[in-house]
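Residue numbers (the numbering used here): 487 to 592.
Written out as structure tokens, the structure is:
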């Protein structure tokens with residue numbers, strides 16, 4: 487899959503003692519703009535609408551709990567409300583799926 491090549495897919499043919507850490511701009515752009523991410527964002531938004539209804543605050547809380555296993559901070563809530571004033575829930579879900587906290591769990 488081309489997306490995995492950009493994301494530095496491990497070579498399963500040869501071995502190495504330790505993989506190099508490679509993070510480059512095309513990886514972030516691919517993850518943000520890929521068809522796969524867009525499909526998952528729409529599915530995520532559909533789940534939020536189904537489980538939280540039209541209540542924006544419940545949607546925000548549920549998105550953070552599902553993706554990040556925590557509640558959003560007050561600052562995050564304010565910024566997300568501002569974002570949703572001009573963008574769709576699908577777009578918010580795409581952003582959440584691209585947060586460093588989601589992409590690089592500790």
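Using N, Cα and C, we set each Cβ at its ideal position, and we do this for glycine too. None of these values were measured; they are calculated from a predicted model.
Put residue 534 into one of helix, strand or coil per three-state DSSP. Taking the first residue of the chain shown as 1, we reach residue 534 at position 48. If DSSP states are grouped into helix, strand and coil, residue 534 belongs with the helices.
Work out the CA separation of residue 577 and residue 527 for me, nearest whole Å. Here residue 527 refers to the residue found at position 41 of the chain shown. Here residue 577 refers to the residue found at position 91 of the chain shown. Taking the straight line joining both Cα atoms gives about 7 Å.
The alpha helix (DSSP H) enclosing residue 549, as first and last residue numbers: Looking up residue 549 in the chain shown gives position 63. For residue 549, the enclosing alpha helix (DSSP H) stretches over residues 542-554.
Alpha-carbon spacing of residue 569 relative to residue 550, whole angstroms: If you number the chain shown from 1, residue 569 lands on position 83. If you number the chain shown from 1, residue 550 lands on position 64. If I take the Cα positions, the gap works out to 15 Å.
Distance check for residue 574 and residue 561, CA to CA, integer angstroms please. Locating residue 561 in the chain shown gives position 75, where the first residue counts as 1. Locating residue 574 in the chain shown gives position 88, where the first residue counts as 1. Cα-Cα distance, rounded: 19 Å.
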